[in-house]
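Working notes, structure below.
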Amino acid sequence: GGSGGGEEAGAEGDDPPLPFVITPHLDQSAMFGAVHAALAAGQSVGIFPEGGSHDRASLLPLKAGIAMMALGAVAKHPHLRLKLVPVGLHYFSGHKFRSRVFLDIGEPLDVPPSLLQRYYEGGEAQKGATAALLSVVETALAAVTVSAPDYETLEFFWTLRRLIKTGTGPMSLSQQVNFARLFAAAHTRAVAEAEPPTDDDAGSPEAPPRTDVSEGGGGRLSLGTLTRLKAMAAEYNSTLKSFGLRDYQVVSVMAHMGRGRAASLLALRALLLVVYAVCLAPASVLGLPLLLARGVASLKARQAVAKSSVKLKGTDVVATWKLLVALVLVPLMWCGYTAAACILGEALPPPWSDEVCLLAFFFLPFLAYGAVLAGDRLLGVARSLPPLLAVVLYPDYRWQIVDQRRALLEAMQALVDEHGWLDEERGAPSPVASPLQSPQTPPLRSG
Numbered sequence: 001g002g003s004g005g006g007e008e009a010g011a012e013g014d015d016p017p018l019p020f021v022i023t024p025h026l027d028q029s030a031m032f033g034a035v036h037a038a039l040a041a042g043q044s045v046g047i048f049p050e051g052g053s054h055d056r057a058s059l060l061p062l063k064a065g066i067a068m069m070a071l072g073a074v075a076k077h078p079h080l081r082l083k084l085v086p087v088g089l090h091y092f093s094g095h096k097f098r099s100r101v102f103l104d105i106g107e108p109l110d111v112p113p114s115l116l117q118r119y120y121e122g123g124e125a126q127k128g129a130t131a132a133l134l135s136v137v138e139t140a141l142a143a144v145t146v147s148a149p150d151y152e153t154l155e156f157f158w159t160l161r162r163l164i165k166t167g168t169g170p171m172s173l174s175q176q177v178n179f180a181r182l183f184a185a186a187h188t189r190a191v192a193e194a195e196p197p198t199d200d201d202a203g204s205p206e207a208p209p210r211t212d213v214s215e216g217g218g219g220r221l222s223l224g225t226l227t228r229l230k231a232m233a234a235e236y237n238s239t240l241k242s243f244g245l246r247d248y249q250v251v252s253v254m255a256h257m258g259r260g261r262a263a264s265l266l267a268l269r270a271l272l273l274v275v276y277a278v279c280l281a282p283a284s285v286l287g288l289p290l291l292l293a294r295g296v297a298s299l300k301a302r303q304a305v306a307k308s309s310v311k312l313k314g315t316d317v318v319a320t321w322k323l324l325v326a327l328v329l330v331p332l333m334w335c336g337y338t339a340a341a342c343i344l345g346e347a348l349p350p351p352w353s354d355e356v357c358l359l360a361f362f363f364l365p366f367l368a369y370g371a372v373l374a375g376d377r378l379l380g381v382a383r384s385l386p387p388l389l390a391v392v393l394y395p396d397y398r399w400q401i402v403d404q405r406r407a408l409l410e411a412m413q414a415l416v417d418e419h420g421w422l423d424e425e426r427g428a429p430s431p432v433a434s435p436l437q438s439p440q441t442p443p444l445r446s447g
């Protein structure tokens with residue numbers, strides 16, 4: 001094989017030729033042999049079967065390597081009790097420092113003996129066995145991940161999760177992920193059921209009648225109803241962004257706080273914001289070089305999106321480059337500021353000349369960490385101002401936002417309750433969907 005590129009010419013009048021790349025053949029026998037030996041020795045091998053990182057709303061087509069490794073290992077070592085464990089990675093603002101990740105570990109899978117027998121036959125039977133096992137792995141991964149047909153639909157899932165979390169009390173990460181995953185599976189089923197029937201189905205006496213949600217009853221979910229619900233969620237999110245609000249603030253502040261209390265709290269927090277800003281000014285100046293990490297990460301994200309056909313915004317690249325730059329930059333800043341303190345200490349009388357240098361070396365990391373925590377408090381205070389401003393300056397419009405949220409939540413509740421989005425494996429309502437049964441406490445409308 002070889003590598004190169006070119007264009008495939010077409011007949012005159014056809015579509016313009018498309019560029020292509022020839023990937024050279026790689027001998028993976030040594031790598032597969034090492035994997036088989038490690039598995040036979042009782043070790044574990046972590047594999048990302050999508051073949052690369054991305055920020056899409058659904059899984060990429062899986063590479064066949066994981067199926068080939070599993071079948072090959074069991075074929076070489078017949079007594080090996082190999083288990084395939086699907087793991088879903090769910091990042092919460094994964095492109096930011098100190099963000100959270102939830103690992104969803106699914107049920108271990110065995111290599112079916114029937115597929116192993118087909119693998120022994122070789123040829124097309126071996127390829128079929130590999131494809132069949134890959135399909136099993138893909139189904140298992142889909143059960144521990146949240147997939148959506150597009151990014152807008154994924155944001156719709158996150159909106160539902162936020163509504164449930166803020167309206168019913170705290171939810172663990174596992175509950176949040178499980179709820180979003182079950183809702184995503186229900187969404188897929190609903191869209192599939194809402195597909196228009198074919199001409200043959202329409203004329204068949206066995207074709208069931210189609211019932212819209214708006215007609216009452218527990219018929220099929222219409223695609224129009226689902227589209228309207230998405231539009232309501234998008235409009236609500238747009239309203240929040242225009243006011244600089246977060247969903248939980250609509251419940252905790254705008255729906256349950258009087259105008260007088262909001263005004264006094266606004267003045268107090270504005271003063272607190274000024275105090276925090278003044279106290280953190282020196283630390284902010286010292287931390288300015290860290291902005292380089294953000295700039296480099298943004299540049300690398302744009303480059304990755306330009307080179308990749310599967311990345312949308314490159315957020316999967318941002319975290320990597322932020323960390324790489326920070327690993328180099330933070331020690332350099334520490335040493336540089338310590339050296340500056342030592343130089344300044346030379347102008348002080350003994351013994352302060354030596355003590356300033358040592359104090360700077362040992363306490364700068366603690367001061368930096370304290371500045372990060374204080375910065376979090378400052379951001380928290382700053383984010384609490386928009387809802388207070390809305391309550392004080394727009395006393396009437398704020399109720400429109402509250403009513404908009406309530407209408408969206410009630411529509412979602414009706415969607416879940418009336419159409420039985422269930423956990424099919426247990427045949428019972430999902431425990432994380434049960435909080436929807438509790439009605440929201442109506443807000444007290446005071447000036």
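Counting with my numbering, you get residues 1 to 447 for the letters of the sequence shown.
A virtual CB, placed ideally from N, CA and C, is assigned to each residue, including glycine.
Here the structure is a predicted model, which means the values were calculated and not measured.
Coarse secondary structure for residue i, derived from DSSP in three states
i	result
Asp104	strand
Lys109	The sequence given here has Leu at residue 109, not Lys. Here Leu109 sits in strand by DSSP.
Lys322	helix
Leu312	coil
Gly2	Any reading at Gly2 needs caution, since the residue's pLDDT is 43, under 50, leaving its predicted position unreliable; the model's value is listed next. Here Gly2 sits in coil by DSSP.
Gln176	helix
His187	helix
Asp15	coil
Ile343	helix
Arg98	coil
Phe243	helix
Ile47	coil
Asp150	coil
Gly216	Note on Gly216: pLDDT 35, under 50, position unreliable in the model; the coordinate value appears next. The answer is coil: DSSP assigns Gly216 none of H, G, I, E or B.
Host beta strand (DSSP E) of residue i (start-end)
i	result
Val87	Val87 to Phe92
Gly19	According to the sequence displayed, residue 19 carries Pro and not Gly. First-last of the beta strand (DSSP E) with Pro19: Pro19 to Ile22.
Closest by C-alpha distance to residue i, when choosing among the options
i	options	result
Gly46	Val318, Val85, Gly258 and Ala129	Val85
Arg405	Lys76, Arg162, Arg98 and Gln126	Arg162
Gly106	Leu116, Arg118 and Val144	Val144
Ala368	Ser308, Gly33, Leu408 and Gly287	Gly287
Ala297	Val177, Lys322 and Ile343	Lys322
Leu80	Gly88, Val87, Met69 and Leu89	Met69
Gln176	Asp150, Val101, Ser242 and Thr130	Val101
Leu389	Leu265, Ser308 and Val330	Leu265
Met333	Thr153, Val285 and Leu385	Val285
Gly72	Leu116, Glu346, Arg98 and Lys63	Leu116
Cys279	Val137, Ala234, Lys311 and Gly375	Gly375
Gln126	Ile22, Arg118 and Pro112	Arg118
Leu154	Phe179, Leu133 and Ala184	Ala184
Ser238	Ile22, Ile401 and Ser58	Ile401
Leu229	Ala180, Phe157 and Gly370	Phe157
Tyr236	Leu226, Thr227 and Asp247	Asp247
Alpha helix (DSSP H) segment containing residue i, residue limits
i	result
His256	Segment: none, His256 is in no alpha helix (DSSP H) and carries neither H nor E.
Leu448	A query on residue 448 cannot be resolved here, the shown segment of the chain reaching from 1 to 447 and no further.
His36	Ser29 to Ala40
Ser58	Careful: Ser58 lies outside any alpha helix (DSSP H) and carries neither H nor E.
Ala143	Unbroken run through Ala143: none, as it is neither H nor E.
Gly65	Gly65 to Lys76
Val305	Leu291 to Lys307
One or two residues paired with residue i in a DSSP bridge
i	result
Lys83	Asp110
Report yes or no: do three or more beta-carbon pairs, one from the stretch 275 to 286 and one from the stretch 298 to 310, lie closer than 8 Å? Verdict: no, contact absent.
May I ask you to verify whether the stretch 87 to 99 touches the stretch 138 to 158, counting CB pairs closer than 8 Å and requiring at least 3? Three or more pairs of CB atoms, one per stretch, sit closer than 8 Å, so the stretch 87 to 99 contacts the stretch 138 to 158.
Can we say the stretch 237 to 257 touches the stretch 390 to 406, given the rule of at least three CB pairs closer than 8 Å? With the rule of 3 Cβ pairs closer than 8 Å, the stretch 237 to 257 counts as touching the stretch 390 to 406.
Taking three-plus beta-carbon pairs below 8 Å as touching, is the stretch 350 to 357 in contact with the stretch 324 to 336? Put simply, the stretch 350 to 357 does not touch the stretch 324 to 336. Fewer than three CB pairs are less than 8 Å apart.
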